[in-house]
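**Student:** Those protein sequences? They're chains A and B, same order as listed. Residue 1 is where the first sequence starts when you use the numbering used here, and the numbers rise one by one after that. Residue 1 is where the second sequence starts when you use the numbering used here, and the numbers rise one by one after that. What follows is a structure written as structure tokens; I'll ask about it next.
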Amino acid sequence: MPIRLGSGDMKLLHVVKKLRPFSRRSPETPRLKRETISWWVAVFTAGVLMLAVGYAADTRLFMPGPITSAHSTLGKCSDCHSGVSAGKFSWVHAIFAPANPDKDSSSCLTCHKMGEGAKQPHGMEVAKLDAYMRKIRSEATGKPLPIASRVRKAVLPVDSTFRDGVFCATCHKEHQGENIPLKAMADAQCHTCHSVQFDSFNSDHPKFANYPFRRRTRINFDHSSHFKKHFPEWKTKKANSGETPGICADCHTASPENGHMSVKPFATSCSACHVGQIVGVERATGPKGIALLSVPGIDVATLSEKLVLIGNWPDEAEGEMGPLMKLLIGRTAEGKKVLEATKDLDLLDLTTATPEQIVQVEKLAWEVKGLFHALANSGTADVMKQLDSGGEMAVGEDLLRNLNASMPRDVLVGALREWLPNLAEEIEQKSESKQAATPVVSVTASSSDAPASIAIDEIRVAQAEVSTSQRGDVVIPRQKPARQNSVGPVVIGQSERWRVDAFGRLIKGNRLPEEDEDDEETSGQPDDTDDETPEEAAEDSDDQASDETEEVAADSDADSEASEQPASDVAQIELDTDAETWTQFGGWYRQDYSILYKPTGHADPFMKAWLEFSAGRFSKAEGNLAASVFNELTGKDAQGQCTKCHSVDATKDEKRLMKWTPSSIVTRESLFTKFNHEPHLGVATEKGCLTCHKMSGAKGYQDTYKGNDPDRFVSNFAPVKKETCASCHGKEQVRQDCLLCHKYHVNGIVTPILQTRIPDK
Amino acid sequence: MPAAVRVIDMYAILRNTTITLCAVAALYGLIHFFSTALRDPRFLDGWILTAGMAVQLLFHIRKKLPVSPLGKAATWLKVHVYLGYVVTAVFLIHTSFSWPETWLELALWTLFLIVVLSGVVGSYLTSSVPGKLQQRYPEPVDFQQIPAARLNLFREVDALVLEAVSPQGSSEISEFYANRLRSYFRKPQNIRAHLRGSRQPLEQICSEIADLERRANSASRKILLSLRKLVVAKYDLDHQYTKQGLLHSWLLVHVPATYSLIVLSILHVAVVYAYSSGVR
Numbered sequence: 001m002p003i004r005l006g007s008g009d010m011k012l013l014h015v016v017k018k019l020r021p022f023s024r025r026s027p028e029t030p031r032l033k034r035e036t037i038s039w040w041v042a043v044f045t046a047g048v049l050m051l052a053v054g055y056a057a058d059t060r061l062f063m064p065g066p067i068t069s070a071h072s073t074l075g076k077c078s079d080c081h082s083g084v085s086a087g088k089f090s091w092v093h094a095i096f097a098p099a100n101p102d103k104d105s106s107s108c109l110t111c112h113k114m115g116e117g118a119k120q121p122h123g124m125e126v127a128k129l130d131a132y133m134r135k136i137r138s139e140a141t142g143k144p145l146p147i148a149s150r151v152r153k154a155v156l157p158v159d160s161t162f163r164d165g166v167f168c169a170t171c172h173k174e175h176q177g178e179n180i181p182l183k184a185m186a187d188a189q190c191h192t193c194h195s196v197q198f199d200s201f202n203s204d205h206p207k208f209a210n211y212p213f214r215r216r217t218r219i220n221f222d223h224s225s226h227f228k229k230h231f232p233e234w235k236t237k238k239a240n241s242g243e244t245p246g247i248c249a250d251c252h253t254a255s256p257e258n259g260h261m262s263v264k265p266f267a268t269s270c271s272a273c274h275v276g277q278i279v280g281v282e283r284a285t286g287p288k289g290i291a292l293l294s295v296p297g298i299d300v301a302t303l304s305e306k307l308v309l310i311g312n313w314p315d316e317a318e319g320e321m322g323p324l325m326k327l328l329i330g331r332t333a334e335g336k337k338v339l340e341a342t343k344d345l346d347l348l349d350l351t352t353a354t355p356e357q358i359v360q361v362e363k364l365a366w367e368v369k370g371l372f373h374a375l376a377n378s379g380t381a382d383v384m385k386q387l388d389s390g391g392e393m394a395v396g397e398d399l400l401r402n403l404n405a406s407m408p409r410d411v412l413v414g415a416l417r418e419w420l421p422n423l424a425e426e427i428e429q430k431s432e433s434k435q436a437a438t439p440v441v442s443v444t445a446s447s448s449d450a451p452a453s454i455a456i457d458e459i460r461v462a463q464a465e466v467s468t469s470q471r472g473d474v475v476i477p478r479q480k481p482a483r484q485n486s487v488g489p490v491v492i493g494q495s496e497r498w499r500v501d502a503f504g505r506l507i508k509g510n511r512l513p514e515e516d517e518d519d520e521e522t523s524g525q526p527d528d529t530d531d532e533t534p535e536e537a538a539e540d541s542d543d544q545a546s547d548e549t550e551e552v553a554a555d556s557d558a559d560s561e562a563s564e565q566p567a568s569d570v571a572q573i574e575l576d577t578d579a580e581t582w583t584q585f586g587g588w589y590r591q592d593y594s595i596l597y598k599p600t601g602h603a604d605p606f607m608k609a610w611l612e613f614s615a616g617r618f619s620k621a622e623g624n625l626a627a628s629v630f631n632e633l634t635g636k637d638a639q640g641q642c643t644k645c646h647s648v649d650a651t652k653d654e655k656r657l658m659k660w661t662p663s664s665i666v667t668r669e670s671l672f673t674k675f676n677h678e679p680h681l682g683v684a685t686e687k688g689c690l691t692c693h694k695m696s697g698a699k700g701y702q703d704t705y706k707g708n709d710p711d712r713f714v715s716n717f718a719p720v721k722k723e724t725c726a727s728c729h730g731k732e733q734v735r736q737d738c739l740l741c742h743k744y745h746v747n748g749i750v751t752p753i754l755q756t757r758i759p760d761k
Numbered sequence: 001m002p003a004a005v006r007v008i009d010m011y012a013i014l015r016n017t018t019i020t021l022c023a024v025a026a027l028y029g030l031i032h033f034f035s036t037a038l039r040d041p042r043f044l045d046g047w048i049l050t051a052g053m054a055v056q057l058l059f060h061i062r063k064k065l066p067v068s069p070l071g072k073a074a075t076w077l078k079v080h081v082y083l084g085y086v087v088t089a090v091f092l093i094h095t096s097f098s099w100p101e102t103w104l105e106l107a108l109w110t111l112f113l114i115v116v117l118s119g120v121v122g123s124y125l126t127s128s129v130p131g132k133l134q135q136r137y138p139e140p141v142d143f144q145q146i147p148a149a150r151l152n153l154f155r156e157v158d159a160l161v162l163e164a165v166s167p168q169g170s171s172e173i174s175e176f177y178a179n180r181l182r183s184y185f186r187k188p189q190n191i192r193a194h195l196r197g198s199r200q201p202l203e204q205i206c207s208e209i210a211d212l213e214r215r216a217n218s219a220s221r222k223i224l225l226s227l228r229k230l231v232v233a234k235y236d237l238d239h240q241y242t243k244q245g246l247l248h249s250w251l252l253v254h255v256p257a258t259y260s261l262i263v264l265s266i267l268h269v270a271v272v273y274a275y276s277s278g279v280r
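The structure is reproduced here in structure tokens:
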């Protein structure tokens with residue numbers, strides 16, 4: 001009989017209700033059993049977790065996702081999460097503690113250095129960003145905001161969220177996997193903050209505004225005039241054939257690391273034509289070097305007549321002090337005052353000068369001597385350090401080194417030996433007279449045939465016993481001719497109790513200590529000086545010069561020996577060429593009563609240092625000595641011709657800023673756009689660079705550099721239009737997202753070098 | 001089942017599926033919208049996930065309250081099932097559609113997978129098994145009463161066989177019972193055959209009883225006829241036990257795994273907030 005399932009007698013099953021339970025225990029329902037099991041499982045899970053926390057090496061076990069491979073070497077969670085410490089259970093406290101995104105971002109910044117404003121939008125200082133925002137807002141004015149943006153702004157307002165800054169974790173989401181792109185950003189994320197919004201670059205991205213020219217080129221290079229005027233043969237030239245470039249790549253090259261199109265160095269691109277202008281070969285008139293130090297010409301005769309004595313002064317000196325010298329004189333307040341008082345005076349003709357002006361001239365002369373003495377005694381670096389204004393104007397070691405261009409000591413000492421042979425002694429006595437607060441009588445060592453004069457300042461000597469009535473008693477020596485090796489202290493007047501030395505000091509007693517040793521030399525009596533033979537004079541002068549050298553600066557024996565070389569001997573050497581011509585490769589040389597520096601070539605450190613120094617202290621205020629220096633060095637006929645190519649910008653505070661280098665990846669910092677030339681080089685049309693950079697043909701490029709405003713300019717090239725880019729970046733598969741051309745961290749990110757100790761072994 | 005009823009069910013399934021898909025799409029859009037506003041979407045989708053799991057847990061509580069004003073259990077079940085799919089989608093969004101790579105992730109993933117898969121299986125069983133049982137057994141035995149019913153059958157067959165063991169009776173029946181049927185009645189048998197829907201074990205026993213019948217006298221045949229009925233009844237009881245057991249056994253996976261998942265989720269949330277950068 002076939003059996004059908006479910007055909008059993010169900011009545012048999014119904015009797016179960018009457019039966020006793022199968023077990024004596026109360027029946028456990030499946031649900032109850034399930035609950036019991038579930039609770040036990042939950043307790044087991046919690047127990048396992050507790051054990052895991054307790055026995056695990058650290059809390060990385062509980063990471064919600066793996067960190068990127070770049071961060072995987074970070075040892076502890078607390079390396080990045082500032083809210084927790086290294087303890088195993090410290091995170092429990094942190095659950096209820098408020099998060100500190102600012103501190104967390106600071107953890108990131110220990111490795112990824114971003115400088116000031118790192119936590120501000122775009123890593124830019126608020127003031128700078130505001131300027132950009134104003135510009136963008138003006139572009140956005142009148143344009144309706146997309147609906148999605150309106151909703152987003154209404155529902156998730158940005159301003160309140162980013163009031164305290166945009167922190168790293170806002171965009172860079174960690175714990176999402178080892179290989180996720182941490183830097184990836186969607187266009188919509190950019191649009192969260194931006195007022196100008198659009199769907200894609202190709203569709204409605206704003207048109208480029210004069211891209212990529214934000215300012216005039218830093219290097220004044222007129223492509224147009226060079227092509228038409230200077231390179232008439234360029235069309236027939238091949239690449240790298242001689243001095244004339246044939247193709248753009250002869251002067252420009254794409255840096256492989258960042259794709260920036262840079263200008264090849266001066267030596268490659270410009271030197272062939274322009275180095276002569278720098279070293280002065282092509283200079284027809286005027287000195288080829290720039291005077292750093294000079295003995296200015298002073299009307300010594302008039303000073304003598306007016307009984308104003310300034311010690312030895314070369315009467316042949318006729319030149320004026322250059323701006324650099326004036327700047328050095330003006331390093332002290334007194335120097336500045338003197339310069340200001342004498343600025344309109346014709347120092348070579350003081351016949352009409354007032355007594356006050358004469359006093360100022362006297363002071364100027366001593367300031368000049370003081371400068372020379374300081375330079376010879378302490379070194380150029382110490383003197384130039386006094387130019388240091390501190391703060392932003394601080395003069396660093398490098399600048400100091402270059403401001404004096406390592407001037408050899410002998411250049412200065414040699415010059416002083418000829419110009420101001422008694423300088424050390426004069427300064428010493430001048431200094432002593434000041435300390436003693438005794439009346440000062442100035443002495444002028446005049447020209448060889450003018451008698452030495454004595455002037456006793458009535459006011460100063462009123463207290464002294466040397467009265468005007470005694471003048472007749474004062475023996476006025478006929479001083480030695482004002483040769484460079486003239487003798488030192490000269491007693492120019494004396495009474496029984498007092499005498500007056502060459503510097504007008506009143507000294508008690510009627511003999512100088514030196515007189516005991518050498519009466520003849522120091523008596524000041526009209527002796528046989530006039531009858532002295534040249535040989536004798538030279539001998540005397542040799543002794544003096546040696547003493548002078550020893551006093552100027554204690555030096556090595558070798559130097560001493562060298563400086564003991566009689567100056568007159570060197571002067572007597574007949575030379576066919578003058579010093580300037582001899583210094584054909586640049587450097588220091590002496591001419592007349594000036595020490596000059598001739599640029600050695602491109603990027604001469606001396607010229608660069610003085611330009612930077614004076615530019616940083618430039619001011620339009622009257623009497624600004626740095627401005628005079630700057631104007632001197634940037635004039636049309638200035639030595640070195642630096643500003644023929646290097647542009648000068650005016651800063652906001654009316655200072656000047658030299659632009660030494662052309663645009664580079666560094667100068668493009670703080671810009672929101674980036675462009676990599678390299679991938680485009682292979683896809684350019686047969687026009688090559690001209691595909692994007694078309695010559696504008698506009699006139700007035702050179703006029704751009706007459707002023708100092710870099711934003712007012714005429715470019716040789718027409719701006720690149722958006723359509724040029726969109727011709728490729730509007731097609732499928734060619735990226736056109738925001739981050740392709742724009743950068744968020746405009747100031748870049750620097751990874752600091754590791755602090756690695758040098759191994760002991 | 002009438003054809004009209006089936007059409008309505010299909011419509012309900014289609015409607016519920018559409019609602020589910022729309023909900024998933026809406027949540028995905030919301031999370032994406034949130035992420036483009038320079039927020040961390042993982043907090044948003046994490047809390048959506050948590051909320052979804054909490055609602056799922058409410059169903060568990062609702063089941064403990066047979067008499068509840070919170071709607072029909074059947075409606076709750078439907079919501080539980082469809083919301084389960086939504087929560088699964090949110091879970092995948094929360095994990096950025098990536099495989100687990102850390103220990104905690106792996107544990108969360110594994111438990112969530114167990115809960116979801118057991119839920120899907122349970123959902124299928126819940127929708128298919130009761131109907132079939134109802135069709136075959138208009139008055140099915142309550143799962144909890146099955147052991148008692150089995151005992152009853154065992155005692156009854158025991159008594160029947162004792163009756164056969166009499167001076168007039170043959171010893172063949174008692175020997176057959178002792179060797180073949182006693183273990184059959186004592187415990188649930190042929191579970192695999194029931195899962196497969198096979199009747200082969202039953203046919204085998206009935207065939208053996210038929211052999212006995214051919215050699216038995218009239219009294220013995222009467223006993224064997226009763227014995228055959230009890231064998232079929234036991235087979236039906238085992239069938240119900242197997243099928244109803246299925247309905248209960250998946251829950252033994254689903255519920256404990258859910259409890260464990262809750263514990264891990266609490267830890268996960270705590271850790272996330274402890275180490276949060278504050279950008280949410």
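Positions of the beta carbon are idealized from the N, C-alpha and C atoms, including for glycine. This one's a predicted model, so the numbers in the text were calculated from it and none came from an experiment.
Sorted by chain position, which residues of the same chain lie with C-beta nearer than 7 Å to B/D238's C-beta, five sequence neighbours on each side aside?
**Tutor:** Once the five neighbours on either side are set aside, the close Cβ partners of B/D238 are P188, Q189, N190, H194.
**Student:** Between A/W588 and the rest of its own chain, which residues show a CB-CB distance below 6 Å, the 5 nearest in sequence each way excluded?
**Tutor:** M407, V411, Y597
**Student:** Would you call A/N402 buried or exposed, if buried means 16 or more other Cβ atoms sit within 10 Å of its Cβ?
**Tutor:** buried
**Student:** Counting along the chain, where does the alpha helix (DSSP H) carrying A/K722 start and finish?
**Tutor:** 722 to 729
**Student:** What's the gap between the Cα of A/Y701 and the Cα of A/I427?
**Tutor:** 54 Å
**Student:** Using a Cβ cut-off of 9 Å, pull out every chain A residue sitting near B/H268, in sequence order please.
**Tutor:** Residues of chain A passing the Cβ test: F62, P64.
**Student:** Which of the three DSSP states, helix, strand or coil, is assigned to B/A216?
**Tutor:** coil
**Student:** Are the C-beta of A/D58 and some C-beta of chain B separated by less than 9 Å?
**Tutor:** A/D58 does not count as touching chain B.
**Student:** Which residue from B/E105, B/I31, B/V90, B/F154 puts its Cα closest to that of B/V232?
**Tutor:** B/F154
**Student:** Kindly identify the DSSP beta-bridge partner or partners of A/F717.
**Tutor:** A/M695
**Student:** Measure the C-alpha to C-alpha separation of B/T242 and A/V41 and round it to an integer number of angstroms.
**Tutor:** 25 Å
**Student:** Counting only beta-carbon atoms, is B/S220 nearer than 9 Å to chain A?
**Tutor:** It does not; no Cβ of chain A falls within 9 Å.
**Student:** Let me confirm a value: B/F185 is counted as buried when at least 16 other C-beta atoms fall within 10 Å, else exposed. Which label applies?
**Tutor:** buried
**Student:** How big is the Cα-Cα spacing for B/S207 and B/Q200?
**Tutor:** 10 Å
**Student:** Output needed for A/A684: all residues of its chain with C-beta closer than 6 Å, excluding positions within five of it in sequence on either side, in chain order.
**Tutor:** T691
**Student:** For A/K620, decide whether its Cβ has a neighbour in chain B, counting only Cβ atoms nearer than 9 Å.
**Tutor:** No, its Cβ sits nowhere closer than 9 Å to a Cβ of chain B.
**Student:** Can you list, in chain order, the residues of its chain whose CB lies under 6 Å from that of B/A107, leaving out five sequence neighbours each side?
**Tutor:** The residues are L264.
**Student:** Please confirm whether A/P206 and A/V196 have their CB atoms less than 9 Å apart.
**Tutor:** Judged by beta-carbon spacing, A/V196 lies within the 9 Å limit of A/P206, meaning their Cβ atoms are closer than that value.
**Student:** Whose Cβ in chain A lies nearer than 9 Å to the Cβ of B/F33?
**Tutor:** Per Cβ cutoff of 9 Å: A148, V151, R152, V155, L156, A188.
**Student:** Please name the residue, chosen from A/P121, A/G83, A/L61, A/F96, that lies closest to A/K103 on a Cα-to-Cα basis.
**Tutor:** A/G83
**Student:** Please state the DSSP three-state secondary structure of A/D760.
**Tutor:** coil
**Student:** Please tell me whether B/W103 has its Cβ less than 9 Å away from any Cβ of chain A.
**Tutor:** yes
**Student:** At the level of alpha carbons, what is the spacing between A/D709 and A/A94?
**Tutor:** 55 Å
**Student:** Quick test of your reading: B/L133 and B/P140, contact by CB under 8 Å. State the CB separation rounded to the nearest angstrom.
**Tutor:** Cβ atoms of B/L133 and B/P140 come within 8 Å of each other, at about 5 Å.
**Student:** Using a Cβ-Cβ cut-off of 8 Å (strictly less than) and excluding sequence neighbours within five positions of A/R668, which residues of its own chain qualify?
**Tutor:** H260, K674
**Student:** If you follow the alpha helix (DSSP H) that B/L70 is in, where does it begin and where does it stop?
**Tutor:** Taken as a continuous stretch (DSSP letters only), B/L70 belongs to no alpha helix (DSSP H), as it is neither H nor E.
**Student:** Could you check which residue in B/W47, B/L77, B/A274 has the C-alpha nearest to that of B/H60?
**Tutor:** B/L77
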